[in-house]
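Residue numbers (our numbering), protein chains in the order written: chain A, 360 to 612; chain B, 18 to 375.
Where a beta carbon is used, it is the ideal one built from N, C-alpha and C, also for glycine.
A quick note: this is a predicted structure, and the numbers were derived from the prediction, not measured.
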Amino acid sequence: MDIKDIIKEENKVYGKTPVLTDNVMHYCPGCSHGVVHKLIAEVIEEMGIQDKTIGVSPVGCAVLAYNYLDIDWEEAAHGRAPALATAIKRLNPDKYVFTYQGDGDLASIGCGEIMHACNRGENIVVIFINNAIYGMTGGQMAPTTLLGMVTATTPYGRNAELNGYPLRLTELLAQLDGTCYVTRQSVQNPASVRKAKKAIQKAFENSMKKKGTSFVEIVGTCNSGWKMNPVKANQWMEENMFAKYPLGDIKDI
Amino acid sequence: MAEKILLKGNEAIAHAAIHCGCDGYFGYPITPQSEVMETLMAQKPWETTGMVVLQAESEIASINMLYGGAGTGKRVMTSSSSPGISLMSEGISYLAGAELPCLVVDVQRGGPGLGTIQPSQSDYFQATKGGGHGDYKIIILAPAYGQEMYDFVELGFELAFKYRMPAMILADGVIGQMMEKVEIKEQKPRWTKEEILKISPWAATGKTADRKRNIITSLDLDPISQEQHNIHLQEKYRQVEENEVRYTEYRSEDAEHLIVAFGCMARIAETAIDRAREQGIKVGLIRPITLFPFPKKPIEKLLPQLKSMMSIELNAGQMVEDLKVIANGKVPVHFFGRMGGVVASPDEIYEAIINKLK
Numbered sequence: 360m361d362i363k364d365i366i367k368e369e370n371k372v373y374g375k376t377p378v379l380t381d382n383v384m385h386y387c388p389g390c391s392h393g394v395v396h397k398l399i400a401e402v403i404e405e406m407g408i409q410d411k412t413i414g415v416s417p418v419g420c421a422v423l424a425y426n427y428l429d430i431d432w433e434e435a436a437h438g439r440a441p442a443l444a445t446a447i448k449r450l451n452p453d454k455y456v457f458t459y460q461g462d463g464d465l466a467s468i469g470c471g472e473i474m475h476a477c478n479r480g481e482n483i484v485v486i487f488i489n490n491a492i493y494g495m496t497g498g499q500m501a502p503t504t505l506l507g508m509v510t511a512t513t514p515y516g517r518n519a520e521l522n523g524y525p526l527r528l529t530e531l532l533a534q535l536d537g538t539c540y541v542t543r544q545s546v547q548n549p550a551s552v553r554k555a556k557k558a559i560q561k562a563f564e565n566s567m568k569k570k571g572t573s574f575v576e577i578v579g580t581c582n583s584g585w586k587m588n589p590v591k592a593n594q595w596m597e598e599n600m601f602a603k604y605p606l607g608d609i610k611d612i
Numbered sequence: 018m019a020e021k022i023l024l025k026g027n028e029a030i031a032h033a034a035i036h037c038g039c040d041g042y043f044g045y046p047i048t049p050q051s052e053v054m055e056t057l058m059a060q061k062p063w064e065t066t067g068m069v070v071l072q073a074e075s076e077i078a079s080i081n082m083l084y085g086g087a088g089t090g091k092r093v094m095t096s097s098s099s100p101g102i103s104l105m106s107e108g109i110s111y112l113a114g115a116e117l118p119c120l121v122v123d124v125q126r127g128g129p130g131l132g133t134i135q136p137s138q139s140d141y142f143q144a145t146k147g148g149g150h151g152d153y154k155i156i157i158l159a160p161a162y163g164q165e166m167y168d169f170v171e172l173g174f175e176l177a178f179k180y181r182m183p184a185m186i187l188a189d190g191v192i193g194q195m196m197e198k199v200e201i202k203e204q205k206p207r208w209t210k211e212e213i214l215k216i217s218p219w220a221a222t223g224k225t226a227d228r229k230r231n232i233i234t235s236l237d238l239d240p241i242s243q244e245q246h247n248i249h250l251q252e253k254y255r256q257v258e259e260n261e262v263r264y265t266e267y268r269s270e271d272a273e274h275l276i277v278a279f280g281c282m283a284r285i286a287e288t289a290i291d292r293a294r295e296q297g298i299k300v301g302l303i304r305p306i307t308l309f310p311f312p313k314k315p316i317e318k319l320l321p322q323l324k325s326m327m328s329i330e331l332n333a334g335q336m337v338e339d340l341k342v343i344a345n346g347k348v349p350v351h352f353f354g355r356m357g358g359v360v361a362s363p364d365e366i367y368e369a370i371i372n373k374l375k
């Protein structure tokens, strides 16, 4: 049997969604961003909403997300993606609008915007990548950095007295009347990837039901910033991150 | 006959926004311009034209809402006053960089810092030289009448979309708070989806199969192409300077001394000019309506007949620097101003003319 006999449409069990572009991703090998991008692209394809979706990319590692998903995009100033998304959705209620933000963008400089967008119950989707570090600027402390964790700006480990505590913003947002779905997921193995995809799909579906804001946190790895190989980073995440950031739905109404 | 109603300048802005078919207003309360959003909320345009009106959590959020909305090709605006515009300046730079059309209204108050809530023109530098980072300009319209507050909303949107750049109405607390008769125009419909696709094919409206994805961004990491983008922006600003200068003149034909003043100070200066003329002093006025583009050529045209120029502003002397560049040493350029929210009276200006120009 020749390989050409095997590569046939009827034998295809899985393929790259056309909503993902052919651009080579700039993310480090082992980074969680690529997997999450793929999941969003697959959800957009499966829901048939490529022409109805507007994404808002952040400042941070995902600033160039618009190179990878073949949809219309707006690239926001640092932390302000929820403000952009608020206006995009209110002015274009027939569109699916999502923001894609990291922990520095969303939980530090953009804390005000995400609080108020969620509190107003904007009918948007927020994808929040929490890898407990500033990746793009070279591995500095994020609001979600764990106590004791070594970063470029906490070279002796995060110290509560000096640097405050890891911020669990997702739990805070679940307290707001404007959020309808708040969940924390991860993408380090096939089972978690499948769960995360379901969560992303539910969030997109919610955004047309006028139920309020859907917020999906993905606890991810930054093996470059953490200075670990990808396998070790996944292991470290399971052993350390999940204790502070437990997985599962926090709110679903 | 067109209807005329008595309105505060700030209220005129709100009515004009609805009447010209604006899609969205996003703002945060600050004195002396809060009537803009209050009037919009009372008018409930979402029930008539479908216009969105949203009280944002901050000026920072407001300007970024403009970015979001403008990126989808909608006609969006905000209003604020000096400290709020400082907060918006980063966002205005992003809007300029991403070439997004929008309208920002600045009803200036005295500064620096929290300053005062009284009228001022001390944000001339901030508005005309680019309050945010990077080499950019925005179109600046300076109204002197309630009617201009009304008319410049539609004009601002027209220019913003013509050149794909932010436009600003740079008013002051006097024009914002003063009540005047304003002629109201007929209600125009908001742009349809089809019109938006035609007017702004670059906008993020949802990627259809027949086109590439539209990306609204001010980011370009390649210095060579970022420089090309800058060259493109500068060329656009040159076109604006070539085509969009607006100004008025008052008794300037035979003037030997030229007063330059904008906004409320231009109106007050007219009274002082009439008195000086009675004394036989040949004084005239040029009132820039556009502060960017600045009316350089009309002033240059008058230069050969002038003995002096004088800038009258509610600040420590800002526009006067632009006049000195135009005068280029050919005539002396004087300045008179009041600061901190004090509005100069016609008497003071008359005295200044007598003392400095005779």
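Straight-line gap, residue i to residue j (C-alpha atoms, nearest Å)
{"i": "Val-350 (chain B)", "j": "Gln-322 (chain B)", "result": "14 Å"}
{"i": "His-32 (chain B)", "j": "Arg-479 (chain A)", "result": "26 Å"}
{"i": "Leu-506 (chain A)", "j": "Glu-598 (chain A)", "result": "14 Å"}
{"i": "Cys-539 (chain A)", "j": "Gly-471 (chain A)", "result": "19 Å"}
{"i": "Ala-562 (chain A)", "j": "Gln-534 (chain A)", "result": "17 Å"}
{"i": "His-203 (chain B)", "j": "Asp-611 (chain A)", "result": "One point to set straight first is that residue 203 (chain B) is Glu, not His, in the sequence displayed. C-alpha separation (whole angstroms): 48 Å."}
{"i": "Asp-364 (chain A)", "j": "Glu-405 (chain A)", "result": "28 Å"}
{"i": "Thr-380 (chain A)", "j": "Asn-426 (chain A)", "result": "7 Å"}
{"i": "Asp-431 (chain A)", "j": "Gln-251 (chain B)", "result": "27 Å"}
{"i": "Val-191 (chain B)", "j": "Pro-136 (chain B)", "result": "6 Å"}
{"i": "Ile-362 (chain A)", "j": "Val-372 (chain A)", "result": "16 Å"}
{"i": "Ile-486 (chain A)", "j": "Pro-49 (chain B)", "result": "39 Å"}
{"i": "Glu-52 (chain B)", "j": "Thr-133 (chain B)", "result": "18 Å"}
{"i": "Lys-224 (chain B)", "j": "Glu-28 (chain B)", "result": "38 Å"}
{"i": "Arg-263 (chain B)", "j": "Leu-308 (chain B)", "result": "9 Å"}
Beta carbon of residue i nearer than 8 Å to that of residue j
{"i": "Gln-256 (chain B)", "j": "Lys-25 (chain B)", "result": "no"}
{"i": "Ala-613 (chain A)", "j": "Thr-512 (chain A)", "result": "The displayed coordinates of chain A run from 360 to 612. Any statement about residue 613 (chain A) would go beyond what the structure contains."}
{"i": "Ser-235 (chain B)", "j": "Tyr-111 (chain B)", "result": "yes"}
{"i": "Gly-128 (chain B)", "j": "Asp-189 (chain B)", "result": "no"}
{"i": "Leu-187 (chain B)", "j": "Ala-159 (chain B)", "result": "yes"}
{"i": "Ser-97 (chain B)", "j": "Ile-47 (chain B)", "result": "yes"}
{"i": "Val-395 (chain A)", "j": "Ser-566 (chain A)", "result": "no"}
{"i": "Gly-301 (chain B)", "j": "Leu-320 (chain B)", "result": "no"}
{"i": "Val-415 (chain A)", "j": "Thr-458 (chain A)", "result": "yes"}
{"i": "Gln-125 (chain B)", "j": "Ser-99 (chain B)", "result": "yes"}
{"i": "Gly-494 (chain A)", "j": "Ser-583 (chain A)", "result": "yes"}
{"i": "Gln-164 (chain B)", "j": "Asn-332 (chain B)", "result": "no"}
{"i": "Ala-555 (chain A)", "j": "Leu-443 (chain A)", "result": "no"}
{"i": "His-246 (chain B)", "j": "Asp-237 (chain B)", "result": "yes"}
Proximal residues to residue i (C-beta, below 8 Å), its chain only, five neighbours per side dropped
{"i": "Gly-607 (chain A)", "result": "Thr-542 and Arg-543"}
{"i": "Gly-334 (chain B)", "result": "Ser-328, Phe-352 and Gly-354"}
{"i": "Lys-21 (chain B)", "result": "Lys-198, Val-199, Glu-200 and Ile-201"}
{"i": "Ala-344 (chain B)", "result": "Leu-320, Met-326 and Val-350"}
{"i": "Arg-292 (chain B)", "result": "Pro-363 and Tyr-367"}
Beta-ladder partner(s) of residue i, from DSSP
{"i": "Lys-21 (chain B)", "result": "B:Glu-200"}
{"i": "Asn-489 (chain A)", "result": "A:Val-578"}
{"i": "Lys-215 (chain B)", "result": "Answer is none; Lys-215 (chain B) lacks a bridge partner."}
{"i": "Trp-432 (chain A)", "result": "A:Gly-414 and B:Ile-232"}
{"i": "Gly-607 (chain A)", "result": "A:Arg-543"}
{"i": "Cys-119 (chain B)", "result": "B:Pro-183"}
{"i": "Arg-126 (chain B)", "result": "B:Pro-136"}
{"i": "Pro-305 (chain B)", "result": "B:Tyr-264"}
{"i": "Met-327 (chain B)", "result": "B:Ile-276 and B:His-351"}
7 Å CB neighbourhood of residue i in its chain, flanking five on each side removed
{"i": "Leu-526 (chain A)", "result": "Ala-466, Pro-502 and Thr-503"}
{"i": "Ala-220 (chain B)", "result": "Gly-88, Thr-89, Gly-90, Ile-213 and Asn-231"}
{"i": "Trp-63 (chain B)", "result": "Val-69 and Val-70"}
{"i": "Gly-151 (chain B)", "result": "Ser-110 and Gly-114"}
{"i": "Pro-315 (chain B)", "result": "Tyr-264 and Ile-303"}
Close beta carbons around residue i, own chain, < 6 Å, minus the five adjacent residues each side
{"i": "Phe-174 (chain B)", "result": "Arg-92 and Leu-120"}
{"i": "Val-413 (chain A)", "result": "Per the sequence shown, residue 413 (chain A) should be read as Ile rather than Val. For Ile-413 (chain A), where only same-chain residues beyond five positions count, the Cβ hits under 6 Å are Asp-431, Ile-447, Lys-454 and Val-456."}
{"i": "Met-336 (chain B)", "result": "Tyr-141, Ser-328 and Glu-330"}
{"i": "Lys-205 (chain B)", "result": "Cys-37 and Gly-38"}
{"i": "Met-54 (chain B)", "result": "Gly-44"}
Contact list for the segment 87 to 109 of chain B against chain A, Cβ threshold 8 Å: Those residues of the segment 87 to 109 of chain B that come within reach of chain A (Cβ to Cβ, closer than 8 Å) are Gly-88, Thr-89, Lys-91, Val-93, Glu-107 and Gly-108.
Any residues in the segment 386 to 413 of chain A with a beta carbon nearer than 8 Å to a beta carbon of chain B? Which ones, in chain order? Answer set for the segment 386 to 413 of chain A: Gln-409, Asp-410, Lys-411, Thr-412 and Ile-413.
Members of the segment 426 to 455 of chain A that neighbour chain B once the beta carbon cut-off is set at 7 Å: Residues Asp-429, Ile-430, Asp-431, Trp-432, Glu-433, Glu-434, Ala-435, Ala-436, Arg-439, Ala-442, Leu-443, Ala-444, Thr-445, Ala-446, Ile-447, Arg-449, Leu-450, Asn-451 and Lys-454.
Closer than 8 Å, Cβ to Cβ, to anything on chain A: give me those residues from the segment 221 to 253 of chain B, in chain order. Of all residues in the segment 221 to 253 of chain B, Ala-221, Thr-222, Gly-223, Lys-224, Thr-225, Ala-226, Arg-230, Asn-231, Ile-232, Ile-233, Thr-234, Ser-235 and Leu-236 have a Cβ within less than 8 Å of some Cβ in chain A.
Chain A contacts from the segment 283 to 306 of chain B (Cβ-Cβ distance under 7 Å): Within the segment 283 to 306 of chain B, no residue has a Cβ that lies closer than 7 Å to any Cβ of chain A.
Anything in the segment 457 to 481 of chain A with a Cβ closer than 7 Å to a Cβ of chain B? List those residues in chain order, please. So the list reads Gly-471, Glu-472 and His-475, given in the order they occur along the chain.
Residues of the segment 155 to 187 of chain B with Cβ closer than 9 Å to any Cβ of chain A, in chain order: Those residues of the segment 155 to 187 of chain B that come within reach of chain A (Cβ to Cβ, closer than 9 Å) do not exist; the list is empty.
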